[in-house]
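Visitor: Take this structure first; my questions come after.
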Amino acid sequence: MEMPKPNPDILALKPLLVKKLQEVLPHDAVIHEEVETRAYECDALTAYRCPPLAAVLPRNTEEVAAVLTICHDMGVPVVPRGAGTSLAGGALPTADSVILGVARMSEVLETDYDNRFVRVQTGRTNLSVSGAVEEEDFFYAPDPSSQLACAISGNIAMNSGGAHCLKYGVTTNNLLGVTMVQMDGTVVEIGGAHLDAGGLDLLGVICGSEGQLGVVTEATLRILRKPEGARPVLMGFDSNEVAGECVSDIIKAGVLPVAIEFMDRPCIRATEAFAGAGYPDCEALLIVEVEGSDAEIDEQLEKILAIAKSHNPVELRESNSADESARIWLGRKSAFGAMGQINDYMCLDGTIPVNQLPYVLRRIGEMSKEYGLGVGNVFHAGDGNMHPLILFNANKPGDLEKCEAFGADILKLCVEVGGCLTGEHGVGIEKRDLMVDQFAPEDMEAQMAVKDVFDPKWLLNPAKVFPLATSAPRRIAAE
Amino acid sequence: MRPETEAELADIIKGADAPLSIRGGNTRGMAPAGAVLETGGLSGVEIYEPGALTLVVKAGTPVAEVEALLASEGQRLPFEPMDHRALLGTAGVPTIGGVAAANISGPRRVQAGACRDYMLGVRFVDGNGVVLKNGGRVMKNVTGYDLVKLLAGSYGTLGVLSEISFKVLPKPEAAATVLINGLDDATAVQAMSAALGSPYDVTGAAHAPVGVDGTPVTMVRIEGFAGAVAYRSEQLKTQLGKFGDVSVETDADKLAAGWKWIRDVEGFATQEGDVWRISVKPSDGPRVAAALNARGVMYDWGGGLVWALTDPGQDIRPLLAGISGHATLVRAGDETKAQIAMLHPERAPVAALTASIRQKYDPRGILNTGLMG
């Protein structure tokens with residue numbers, strides 16, 4: 000993956016930059032020794048690494064504004080970093096950039112159950128937002144699988160989803176307001192505890208902008224009362240087509256489960272060997288979960304089971320206890336770990352129209368043979384967000400490149416059938432060069448025009464999202 | 000001008016040398032200066048996949064046509080868009096593009112989300128006449144910046160929508176409204192907060208200090224499968240009993256009429272005065288009403304949306320100082336409209352950003368000039 004060459008003029012500024020940063024931050028909040036900056040050399044896309052010039056850990060909006068003002072005035076690029084769990088390289092530094100980490104900004108600022116919102120500093124982890132409102136039986140709905148570790152700042156940057164977004168939506172549907180610092184140090188307040196924008200919906204474009212428009216320091220998030228209960232059902236089918244039809248029929252019947260998860264045979268076998276959840280050895284497996292009181296759950300499951308039965312399942316397993324529910328989820332929740340035990344893997348997240356599922360799975364199977372790399376599929380079937388896991392050996396020369404080429408072919412296929420490159424992980428550097436497959440040059444121009452407005456010097460998280468050649472004229476002009 | 004294709008639309012905008020007044024169904028009574036550009040010729044459904052909950056439709060398609068098609072498959076637009084005709088005394092046919100361009104949502108917004116939350120993708124023509132697309136027709140999509148949200152509620156000032164993809168949802172088989180009579184505004188908001196903070200998935204919470212029969216009524220809506228609706232409305236009836244005299248209405252026609260009365264603000268339709276729409280956090284709703292000394296108010300979204308009927312020509316925004324949110328002038332005479340901005344003025348750093356974005360998308364300033372400030 001190509002990254003811009005570090006600017007030698009900026010590298011030479013390091014001593015002065017560190018001195019200025021130390022003037023506005025506590026001493027231990029400016030990390031500049033080479034042995035320490037290495038901790039920030041990559042995020043969860045570990046194939047690419049580069050230690051930054053320095054890393055800073057501000058504690059509040061004022062300190063973030065002070066840091067950005069300094070970097071802006073000196074022309075130093077800044078890469079915002081949440082918890083570093085991005086699978087797309089969203090927080091990958093360049094050698095001439097400063098990492099701005101929000102890890103020390105994790106406070107809950109306001110909790111309001113009557114108005115159903117919580118206001119937090121964005122370094123707080125996703126799960127601990129729910130944790131902060133649990134005492135009153137409330138929760139924050141978006142639940143990316145990294146929720147134990149990932150920060151709200153990163154969720155906002157990538158517009159993160161999760162397993163339950165068929166019912167609850169993704170980050171953008173649950174974000175009410177932000178305090179954001181622009182690259183030049185200007186602090187803006189957008190949205191709040193009220194609903195909808197009074198003018199242009201800037202909040203909507205900030206969410207999912209991958210840290211390129213500003214550093215979001217505080218967020219107002221919608222919280223919801225927990226449902227009374229939830230219960231999954233597991234169903235196995237002998238073909239992907241039938242499983243896909245079953246998903247479609249459930250949705251058409253007016254049932255809106257909170258989650259519909261899909262696993263294919265390679266993934267089922269891997270998880271069985273790893274976790275022993277007792278899954279049937281079949282072509283396709285669905286886990287469908289519904290919520291409500293016991294009686295409401297029975298009412299919904301009755302309809303779902305009737306539909307499943309009409310598709311001749313090879314297995315239909317209802318849960319009768321919390322323990323059985325946990326066992327149904329066990330394999331799904333172990334899927335990534337199970338695949339990881341077989342080999343290194345790359346996780347994609349293209350989205351497709353759900354009726355294209357059987358075709359796309361068949362094509363992925365064919366490509367798997369052509370490339371000679373194994374692939375398992377596990378994904379959110381209700382919304383078409385796929386997660387093909389391509390297996391490769393990082394220690395075998397050429398395997399990573401082969402895996403990346405295979406991955407690119409799968410994503411191009413997703414676009415070709417009417418879907419998109421990424422459903423919830425973001426573009427980052429990983430899918431940057433594939434943007435041309437989804438967007439015409441003028442479509443990307445329209446997006447980059449927004450960055451021109453928020454960050455005219457293109458200093459915030461540069462070289463991400465847009466292909467390098469596409470963003471080059473702007474990045475060079477700004478230097 | 001009434002283009003029949005997206006390409007014609009692009010040619011018209013490219014060739015324009017003076018402001019264009021973009022018109023969907025013309026049911027909002029907005030008439031920015033300029034040559035009228037109608038979108039009604041861009042009409043029709045492109046893709047409807049009930050099993051995928053997705054609909055792709057041209058922007059000039061009448062809302063009624065969209066709703067009828069969805070109803071034929073037992074589905075609906077979840078955000079319950081308002082019909083402005085009764086309140087504003089306008090004729091015309093509301094279009095789906097007008098709904099999207101103004102981000103119009105009704106009572107269900109409080110639970111399901113706004114129009115913008117169900118917009119998956121857009122095609123539009125910017126102020127230079129360039130055809131652009133963003134988003135797509137899948138439910139999860141974070142590829143590039145989300146210009147779909149930016150276009151939603153941009154009132155045509157960034158571009159003219161030509162096609163929109165929506166996520167739609169099943170229409171529940173049953174519904175009920177839990178009614179509480181005789182509450183004052185503050186108590187009503189507390190009752191609605193209790194309902195919205197319950198696990199019973201309330202899909203509407205409104206309060207009219209002057210209901211259809213002239214006395215205060217608070218309405219809480221439940222939707223879902225029959226068994227669930229019966230169970231939840233009974234639970235709520237019990238839990239809300241401490242606030243006042245509670246009953247449950249299940250007659251489908253009465254429910255539809257009642258929520259349409261709220262959605263379309265029918266109570267103000269025949270009364271004289273300006274009409275404002277104020278979005279605040281729910282517990283601030285009664286504060287807004289107290290500050291305004293209005294001729295009438297009505298609360299939706301659990302108290303977070305205040306509809307106010309005020310003396311003609313009065314700018315209420317100074318009265319709301321200290322309360323976070325925004326006020327939109329929805330109905331007023333031409334003279335008032337010329338003096339008071341429709342949308343709430345933005346604070347300086349935000350105003351600079353939005354002005355700059357508008358300049359990028361419409362450098363000549365010809366799309367609905369001045370409509371958003």
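Line by line, the protein sequences are chains C and L. FYI, in numbering that gives the first Met the number 0 the residues of the first sequence are 0 to 478. FYI, in numbering that gives the first Met the number 0 the residues of the second sequence are 0 to 372. Virtual Cβ for every residue (Gly too), placed ideally from N, Cα, C.
#1: Determine the contact status of residue 243 of chain C and residue 312 of chain C, defining contact as a CB-CB distance below 8 Å.
#2: Tell me whether the segment 92 to 104 of chain C and the segment 35 to 55 of chain C touch, counting them as touching only if at least three CB pairs, one residue from each stretch, are closer than 8 Å.
#3: Does the distance from the CB of residue 326 of chain C to the CB of residue 276 of chain C come in under 8 Å?
#4: Closer than 7 Å, Cβ to Cβ, to anything on chain C: give me those residues from the segment 58 to 92 of chain L, in chain order.
#5: Would you mind giving the Cβ-Cβ distance between residue 351 of chain C and residue 402 of chain C, rounded to the nearest angstrom? I have them listed as a contact below 8 Å.
#6: With distances taken between CB atoms, is the gap from residue 220 of chain C to residue 173 of chain C smaller than 8 Å?
#7: Determine whether the beta carbon atoms of residue 165 of chain L and residue 112 of chain L lie at a separation below 8 Å.
#8: List the residues of chain C that residue 356 of chain L touches, going by C-beta distances under 7 Å, in chain order.
#9: For residue 193 of chain C and residue 324 of chain L, which I take to be in contact (beta-carbon distance under 8 Å), what is that distance rounded to the nearest angstrom?
#10: Can you pull the chain L residues whose beta carbon is under 8 Å from the beta carbon of residue 352 of chain C, in chain order?
#11: By the 9 Å beta-carbon criterion, what residues does the segment 318 to 330 of chain L contribute toward chain C?
#12: Chain C partners of residue 113 of chain L, CB-CB under 8 Å?
#13: Please give the ranges of any alpha helix (DSSP H) in the segment 192 to 244 of chain L, keeping only runs that are unbroken, at least 4 residues long and fully inside the region.
#14: Can you say whether residue 299 of chain L is buried or exposed, counting buried as having 16 or more other CB atoms within 10 angstroms of its CB?
#15: Can you name the residues of chain D whose CB is closer than 8 Å to the CB of residue 340 of chain C?
#16: Is the shortest distance between the beta-carbon of residue 186 of chain L and the beta-carbons of chain C less than 8 Å?
#17: Terminal residues of the continuous beta strand (DSSP E) containing residue 412 of chain C?
#18: Nearest chain L C-beta to residue 273 of chain C closer than 8 Å, yes or no?
#19: Report, in whole angstroms, the separation of the C-beta atoms of residue 340 of chain C and residue 273 of chain C, which I expect to be a contact under 8 Å.
#20: Which full runs of the beta strand (DSSP E) of 3+ residues lie inside the segment 52 to 110 of chain C, going along the chain?
#21: Spatial neighbours of residue 516 of chain C within its chain, please: CB distance less than 6 Å, with the 5 preceding and 5 following residues excluded, ordered by chain position.
#22: Just mark residue 363 of chain C as buried or exposed, buried being the case when its beta carbon has 16 or more other beta carbons within 10 Å.
#23: With a threshold of 6 Å on Cβ separation, who are the neighbours of residue 228 of chain L within its own chain once the five nearest residues in sequence on each side are excluded?
#24: Using a Cβ-Cβ cut-off of 6 Å (strictly less than) and excluding sequence neighbours within five positions of residue 146 of chain C, which residues of its own chain qualify?
#25: By the criterion of Cβ-Cβ separation under 9 Å, what are the contact partners of residue 437 of chain C in chain L?
#26: State the Cα-Cα distance for the pair residue 163 of chain C and residue 130 of chain C, rounded to the nearest angstrom.
#27: Mind checking which residues open and close the alpha helix (DSSP H) that includes residue 360 of chain L?
#28: In terms of residues, what are the limits of the alpha helix (DSSP H) holding residue 273 of chain L?
#29: Are residue 57 of chain L and residue 128 of chain L touching if we call contact CB-CB under 8 Å?
#30: Rank L:151, L:144 and L:137 by C-alpha distance to the C-alpha of residue 123 of chain L and give the top, closest one.
#31: Is there a Cβ of chain C sitting closer than 8 Å to that of residue 371 of chain L, yes or no?
#32: In whole angstroms, give me the CA-to-CA distance for residue 43 of chain L and residue 61 of chain L.
#33: Which of helix, strand or coil does DSSP assign to residue 282 of chain L?
#34: Helix, strand or coil for residue 144 of chain L per DSSP?
#35: When DSSP labels each residue in this structure, what does residue 146 of chain C get in the three-state scheme?
#36: If you run the structure through DSSP and keep just helix, strand and coil, what is residue 78 of chain L?
Guide: This is what the structure gives:
#1: no
#2: yes
#3: yes
#4: 73
#5: Actually they are not in contact, since the Cβ atoms of residue 351 of chain C and residue 402 of chain C sit about 20 Å apart, beyond 8 Å.
#6: yes
#7: no
#8: 199, 449 and 452
#9: 4 Å
#10: 48, 51, 53, 136 and 137
#11: 323, 324, 325, 326 and 327
#12: 194 and 195
#13: 225 to 238
#14: buried
#15: Given the protein chain composition of this structure (C and L), no chain D is represented.
#16: no
#17: Premise fails: residue 412 of chain C lies in the alpha helix (DSSP H), 398 to 415, not in any beta strand (DSSP E).
#18: no
#19: 6 Å
#20: 53 to 55, 77 to 80 and 97 to 100
#21: The structure shown does not extend to residue 516 of chain C, since chain C is modelled only from 0 to 478, so the question has no answer here.
#22: buried
#23: 173, 175 and 221
#24: 125 and 126
#25: 135, 142 and 143
#26: 17 Å
#27: 347 to 360
#28: Taken as a continuous stretch (DSSP letters only), residue 273 of chain L belongs to no alpha helix (DSSP H), being part of the beta strand (DSSP E) at 273 to 278.
#29: no
#30: L:151
#31: yes
#32: 9 Å
#33: helix
#34: coil
#35: coil
#36: coil
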